[in-house]
Amino acid sequence: MVWVVAMTLLSARRLSKYFGGLRAVDEVNFELETGEIRAIIGPNGAGKTTFVSLLCGRLEATDGSIIFENQDITGLPAFKRARQGIAYTFQITSIYSKLSVRENVAIAAQNATDKSRDAAYRVQDALTRSGIPELADEIAGSLAYGHQRVLEVAMGLAMSPKLLILDEPTQGLSDMEIEQFCELVSDINNTATVLLIEHNMHVVMKLAQRITVMDRGRVLAEGLPEEIRRNDAVQAAYLGS
Amino acid sequence: MSSEQAKSIFLHAGVLAGLFLLQFFLPEYHHLSVTRIMLLAVFAMGFNLLFGYTGLLSLGHAMFFAAGMYGAGLSAYHLGWSVPLSFMVGIACGVVLSLAIGLIALRTTGVAFMIVTLMFSQVAYLTIVYFTTYTRGDEGLVMPESARQFVLFGQQLSLTHPGTRYNLALMLLAIVMASVWLLVRGDFGRSLIAIRENEARTKMLGYNTFLIKLKVLVVSGTISASSGAGYALMFAYIGSSFATIQYSIDPLLYTLLGGAGTVLGPFLGTALMFYLIDITSEYTSAYLLVAGIVLVILVLFFPRGLLGAVRNRWFGWLP
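Those protein sequences? They're chains A and B, same order as listed.
Read left to right, the first sequence gives residues 1 to 241 (our numbering).
Read left to right, the second sequence gives residues 242 to 560 (our numbering).
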């Protein structure tokens with residue numbers, strides 16, 4: 001898909017989340033353009049997961065605002081944001097482990113943003129695009145870990161999201177699985193904007209068009225991959241100065 | 242998929258047809274027992290919708306049963322309203338009460354939800370006892386003669402006639418069974434199971450889980466109330482003992498025994514439990530001990546209940 005004019009899909013203004021005295025996310029300004037793959041990186045405890053949790057509504061912001069498709073969604077509950085097209089996949093695999101893979105995806109497909117095709121088609125499409133159609137009748141909890149991660153993404157895909165947030169999707173995957181995963185994310189990017197929290201720098205450099213670096217609840221740097229690679233402040237945060 | 246659906250329809254229709262035919266063979270005593278079982282099974286089916294499918298354990302379902310019972314019984318007794326009208330009042334009481342309780346109790350989950358429903362149910366019981374002028378509390382009320390006859394579709398029906406009672410109970414069971422069957426198979430049923438399995442995830446998939454839980458609680462409470470209303474009118478008696486904790490625990494036992502999260506489980510569980518107590522009480526006054534032991538064995542060896550075990554082992558299509 002060709003994006004003629006870059007349009008802002010989502011922006012956050014002075015977005016903050018405090019847990020008591022801890023400023024987990026501290027006045028973050030953030031813009032995401034329609035169609036891009038953005039990676040958020042940063043050391044442990046930088047506030048990455050908290051930040052995306054604010055975006056998808058899993059956590060309520062202490063202060064600041066979130067605009068999605070020109071609409072203020074700061075006060076919307078998570079389920080409404082999901083219906084508007086923000087899909088979130090959990091860092092810790094959170095599937096319906098007692099149900100079949102097909103049921104898992106069907107539950108996700110039920111509230112899809114795009115309902116132009118019927119539910120059965122959307123389920124099959126998500127399974128096929130994720131490369132797990134042959135596992136459809138397996139019980140989700142009995143799948144190999146890598147496949148469970150893929151199922152997470154398939155569920156996100158079945159929602160036909162405008163923005164797919166992936167929280168450390170490649171954690172615990174083998175090198176081969178990671179390669180397949182990168183292909184899957186590239187494919188998803190044909191229809192959705194992707195926001196990725198990732199520790200694996202190989203994956204980040206391969207996929208991300210822009211990178212946002214967070215540290216101690218703030219945005220430390222933002223830019224193209226090669227700019228980030230050369231940034232002194234980023235090196236300091238990662239390697240210690 | 243569609244052959245599974247056909248099998249499932251065939252099974253449920255078969256059970257109902259079997260119950261219809263059974264009335265011509267049953268001796269008088271068992272005829273009455275089966276009538277009671279069918280009504281109590283409706284109660285358990287309502288409970289199961291909440292517990293078995295949605296994973297919400299209410300320890301206060303007696304209040305919904307009692308709402309139906311007293312709504313129907315009091316309007317028939319004090320206002321002299323006709324049987325169908327009183328029955329509708331009973332159901333309306335169920336809707337109102339379950340909606341009110343839902344709005345409050347569903348703010349809690351897990352153990353807190355159990356305690357809150359238990360507490361409200363106790364309030365309902367004490368309310369009945371408190372207004373003893375109208376309810377005669379523990380002693381209860383016997384329905385007047387005027388509430389024993391009614392006209393339905395141009396037919397004069399008498400509730401003193403066992404056949405009438407049997408077939409009315411069967412009708413209610415059939416309606417509720419069909420409704421539950423339709424409900425749990427569709428998108429709504431899928432969202433219930435999703436909430437039972439992982440509510441946090443379900444929210445993130447775009448479901449308004451509070452609203453879904455409220456809806457299912459209202460349906461569950463209303464079905465339970467329809468059972469209570471039917472019980473009051475058919476057996477011509479209402480009393481506060483029907484609002485006690487025992488009537489909150491019974492549907493849980495029926496459901497666990499028959500299989501939580503199956504359409505037929507509550508019916509099977511009700512029938513087995515009813516006869517288990519019926520038969521053992523002939524031999525010993527410690528019949529509840531026997532019932533308890535059976536339940537312990539069941540939970541140990543068939544944690545998903547009888548039909549749950551059947552579904553796991555042989556028939557995956559069982560709804």
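Where a beta carbon is used, it is the ideal one built from N, C-alpha and C, also for glycine.
Interface partners of residue i on chain A, CB under 8 Å
i	result
SER432 of chain B	ILE107, GLN110
Local Cβ density within 10 Å of residue i, reported as buried at 16 or more and exposed below that
i	result
PRO492 of chain B	buried
MET360 of chain B	exposed
TRP3 of chain A	Since pLDDT at TRP3 of chain A reaches only 49, below the 50 mark, its modelled position is unreliable, and no value is offered.
SER32 of chain A	The question names Ser, but residue 32 of chain A is Leu in the sequence shown. Classification for LEU32 of chain A: buried.
ALA12 of chain A	buried
GLU198 of chain A	buried
VAL115 of chain A	Reading off the sequence shown, one finds Lys at residue 115 of chain A, where the question assumed Val. Classification of LYS115 of chain A: exposed, given that the 10 Å Cβ count is below 16.
GLN235 of chain A	exposed
ILE92 of chain A	exposed
PRO507 of chain B	buried
PRO169 of chain A	buried
MET1 of chain A	The predicted position of MET1 of chain A is uncertain, since its pLDDT is 49 and thus under 50; no value can be drawn from it.
ALA39 of chain A	buried
VAL352 of chain B	exposed
PRO544 of chain B	exposed
MET310 of chain B	buried
SER241 of chain A	Residue confidence is low: SER241 of chain A scores 43 on pLDDT, short of 50, so the model does not pin down where it sits. Its coordinate-derived value is still stated next. Exposed, because fewer than 16 other Cβ atoms sit within 10 Å of the Cβ of SER241 of chain A.
VAL216 of chain B	With chain B covering only 242 through 560, there is no way to say anything about residue 216 of chain B.
LEU541 of chain B	exposed
ASN190 of chain A	exposed
GLU226 of chain A	exposed
GLN246 of chain B	exposed
GLN265 of chain A	Residue 265 of chain A cannot be examined here, being either before or after the span of chain A that is shown, 1 to 241.
SER316 of chain B	buried
Closer than 8 Å at the beta carbon, the chain B residues around residue i
i	result
ARG83 of chain A	GLY447
LEU99 of chain A	ILE434, GLU438
ARG117 of chain A	Chain B residues near ARG117 of chain A: none, gap ~16 Å exceeds 8 Å.
SER53 of chain A	In chain order: nothing, as chain B lies at least about 10 Å away.
Under 7 Å by beta carbon: chain A residues contacting residue i
i	result
ALA419 of chain B	Those within 7 Å of ALA419 of chain B in chain A number zero; the least Cβ separation is about 23 Å.
ASP428 of chain B	GLN110
Neighbouring residues, chain B, relative to residue i (Cβ below 9 Å)
i	result
ALA78 of chain A	LYS444, MET445, GLY447
TYR121 of chain A	Near TYR121 of chain A there are no residues of chain B at all, since even the closest Cβ is about 15 Å away, more than 9 Å.
CYS56 of chain A	MET445
SER94 of chain A	ASN439, ALA441, ARG442, MET445
Contact under 9 Å by Cβ, residue i with residue j
i	j	result
THR113 of chain A	MET159 of chain A	yes
VAL123 of chain A	VAL153 of chain A	no
ALA307 of chain B	PHE483 of chain B	yes
ALA233 of chain A	LEU220 of chain A	yes
ALA365 of chain B	GLY301 of chain B	yes
ALA470 of chain B	SER339 of chain B	no
LEU548 of chain B	LEU497 of chain B	no
GLY312 of chain B	PHE79 of chain A	no
VAL330 of chain B	ALA388 of chain B	no
ALA512 of chain B	ILE278 of chain B	yes
LEU400 of chain B	LEU409 of chain B	yes
ILE453 of chain B	LEU433 of chain B	yes
LEU273 of chain A	SER174 of chain A	Because residue 273 of chain A is not part of the residues shown, which for chain A are 1 to 241, the question remains open.
MET214 of chain A	ILE41 of chain A	yes
Proximal residues of chain B, C-beta to C-beta of residue i below 7 Å
i	result
SER142 of chain A	None at all; the shortest Cβ gap to chain B is about 14 Å.
TYR88 of chain A	MET445
**Study point:** Near-chain B residues of the segment 62 to 76 of chain A (beta-carbon distance less than 8 Å), N- to C-terminal order
**Key:** none
Exercise for review: Identify each residue in the segment 439 to 450 of chain B for which the Cβ-Cβ distance to at least one residue of chain A is less than 9 Å, and report them in chain order.
Suggested key: ASN439, ALA441, ARG442, THR443, LYS444, MET445, LEU446, GLY447, TYR448, ASN449, THR450
Exercise for review: Scan the segment 525 to 559 of chain B for residues whose Cβ lies nearer than 7 Å to a Cβ of chain A and list them as they occur along the chain.
Suggested key: none
Practice item. Count the C-beta pairs between the segment 380 to 389 of chain B and the segment 469 to 479 of chain B that are closer than 8 Å, then say yes if the count reaches three, no if not. Key: yes
Practice item. Pair every Cβ in the segment 417 to 434 of chain B with every Cβ in the segment 58 to 67 of chain A, then say whether three or more of these pairs are closer than 8 Å. Key: no
Check your understanding: With a cut-off of 8 Å, do at least 3 Cβ pairs link the segment 283 to 294 of chain B to the segment 492 to 504 of chain B?
Key -> yes
Check your understanding: Does the pairing of the segment 133 to 142 of chain A with the segment 92 to 110 of chain A give three or more beta-carbon distances under 8 Å?
Key -> yes
Practice item. Mind the definition here: the segment 84 to 94 of chain A touches the segment 243 to 255 of chain B only if three or more C-beta pairs lie below 8 Å; say whether that holds. Key: no
Check your understanding: Using a Cβ cut-off of 8 Å, which residues of the segment 150 to 173 of chain A contact any Cβ in chain D, in chain order?
Key -> Considering every chain present, this structure includes no chain D. Its protein chains are A and B.
Practice item. Would you check if there are 3 or more beta carbon pairs closer than 8 Å linking the segment 528 to 535 of chain B to the segment 313 to 331 of chain B? Key: no
Practice item. Taking 8 Å as the threshold, find out whether the segment 21 to 29 of chain A comes into contact with the segment 68 to 76 of chain A through three or more Cβ pairs. Key: no
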